[in-house]
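Undergrad:
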Amino acid sequence: MKLLVTGGAGYVGSVVASQLVEAGHETVVLDDLSKGHKEAVPEGARLVEGSLLDEAFVRETLARGFDGVLHFAALSLVAESVEEPERYYRNNVGGALNLLGAMGEAGVGRLVFSSTAAVYGEPGEVPIPETAPTGPTNPYGSSKLAVDRLIGHVAEARGLAATSLRYFNVAGASGRFGEDHHPETHLIPIVLQAAAGTRESVKIFGTDYPTRDGTAVRDYVHIEDLGRAHQLALEASEPGEHRVYNLGNGSGFSVLQVVEAARSVTGEDIRTEEAPRRAGDPPELVASSDAIRADLGWRPEKPGLEAMISDAWAWMQEHPDGYE
Ligand code: UDP
């Protein structure tokens, strides 16, 4: 297939783009490089540089003809979204509107969308099934939920074959592709920076959550496992159908457990300090991925936290300055 990967110079997008190239798909990356890295665009994929907010550019790009789109380009930081809600809606919802409009005009019939567990907010039941009520606790999650709903309407109205994949916490690295955010806000790379000595300590955001050790619990999924789900979703979706799948391992780890696992993987002493809760963070997000396992036969091959941390650690040691 000829596929467009928006955000294909970012962490998740670049891994998925490289998997698509490897599977023999003609792959084009659309990225404005505001967060992504030119160096992260895989060999064999072509980069088209520009923003999804530029409607004419998006139309022109889609008019080149594609069999499907994998849409990753978005702003994705919970705390930042609490500070700048309009920017999050403009980028995430506005970008998706331009993309869907251009796909409609160009007759592109397949879409896989990078959604998030943040749409569930503070879930009533854990692990969270896709049928759980949505109730995002921050503008990031709300903007992603708005796009999920929009896609559902477009599938119904126009026969789009669409899948939303609701990611839990993505971690690890894949070959030469890894996580390089500026500034870095994600737990595992931050913990590893502390292990490497490029950061003095790790702040534990919240030690009074109603969880086993008082720190927030998340479900970590290896980037390679997450990536493979996109190809399965792309192939399985049927016109007029919007499927929604959670993507996680089904087991939760607290912030302190992540730090402990990183100490054991790296052999380094990692200093921590208690800090207040981060705005918009729910206490516990753990996925039920039963639906994608049953429907698409997806199985995580690297479900262990240690494997994710050690792959991220290896990448960090090979790329001490990230992609720069
Ligand atoms: N976290 C933390 N210290 C940090 C970064 C993150 O305690 O320096 C916590 C954060 O509050 C959340 C969990 O680790 O409970 C995972 O955060 P991350 O930003 O990696 O992913 P998110 O769950 O926000 O998508």
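Residue numbers (our numbering): 1 to 324.
Glycine is no exception: its CB is placed at the ideal position from the N, C-alpha and C atoms.
So ALA195 packs on ALA314, CB below 8 Å; how close in whole Å?
TA: Not a contact, Cβ separation roughly 12 Å.
Undergrad: For VAL154, name the three-state secondary structure that DSSP assigns.
TA: It is helical.
Undergrad: Measuring from the CB of THR207, is there a heavy atom of the ligand UDP at a distance below 7 Å?
TA: Because no heavy atom of the ligand UDP lies under 7 Å away, the Cβ of THR207 does not count as near it: no.
Undergrad: Anyone know if the C-beta pair for VAL12 and SER143 falls short of 8 Å?
TA: Taking 8 Å as the Cβ cut-off, VAL12 and SER143 do not qualify as a contacting pair.
Undergrad: Under 8 Å, Cβ to Cβ, is there at least one residue of chain D near LEU111?
TA: Going by chain labels, chain D is absent from the structure shown, which holds only one protein chain.
Undergrad: Starting from ASP225, trace the beta strand (DSSP E) both ways and give me its first and last residue.
TA: Premise fails: ASP225 lies in the alpha helix (DSSP H), 223-236, not in any beta strand (DSSP E).
Undergrad: Which residue or residues does DSSP assign as beta-bridge partners of ILE326?
TA: This structure cannot settle anything about residue 326, because the visible part of the chain is limited to 1 through 324.
Undergrad: Are the beta-carbon atoms of VAL255 and GLU306 separated by less than 8 Å?
TA: No. Outside cutoff.
Undergrad: Please report how far the alpha carbon of PHE72 lies from the alpha carbon of PRO127, in whole angstroms.
TA: Distance between the alpha carbons of PHE72 and PRO127: 25 Å.
Undergrad: Using a Cβ-Cβ cut-off of 6 Å (strictly less than) and excluding sequence neighbours within five positions of SER51, which residues of its own chain qualify?
TA: Cβ within range, chain order: ASP32.
Undergrad: Whether or not the stretch 277-287 and the stretch 143-157 are in contact is what I'm after, with contact meaning three or more pairs of Cβ atoms, one per stretch, closer than 8 Å; do they touch?
TA: With the cut-off at 8 Å, the stretch 143-157 and the stretch 277-287 do not touch.
Undergrad: Sort PRO133, LEU226, HIS186, GLY175 by Cα distance to GLU318 and report the nearest one.
TA: With distances taken between Cα atoms, GLU318 lies closest to GLY175.
Undergrad: Identify every residue that forms a DSSP beta bridge with LEU53.
TA: Paired residue(s): none; LEU53 is not in a bridge.
Undergrad: Please confirm if the stretch 38-50 is in contact with the stretch 89-105, defined as three or more CB-CB distances below 8 Å between the two stretches.
TA: They do not touch, by the three-pair rule.
Undergrad: How would you call THR6, buried or exposed, if buried means at least 16 neighbouring beta carbons within 10 angstroms?
TA: Answer is buried; the Cβ neighbour count reaches 16.
Undergrad: Determine, using beta-carbon pairs with one atom in the stretch 109-123 and one in the stretch 58-70, whether at least three such pairs fall under 8 Å.
TA: The answer is yes - the stretch 58-70 touches the stretch 109-123, with three or more Cβ pairs under 8 Å.
Undergrad: Name, in chain order, the residues that DSSP records as bridge partners for PHE113.
TA: Answer is HIS71, SER164.
Undergrad: Could you tell me which of ASN246, PRO189, ASP321, ALA56 sits nearest to LEU97, measuring between CA atoms?
TA: For LEU97, the nearest C-alpha among the options comes from ALA56.
Undergrad: Based on the DSSP secondary-structure assignment, which residues constitute the bridge partners of TYR11?
TA: Paired residue(s): none; TYR11 is not in a bridge.
Undergrad: Could you spell out where the beta strand (DSSP E) holding LEU30 opens and where it closes?
TA: 26-31 is the extent of the beta strand (DSSP E) around LEU30.
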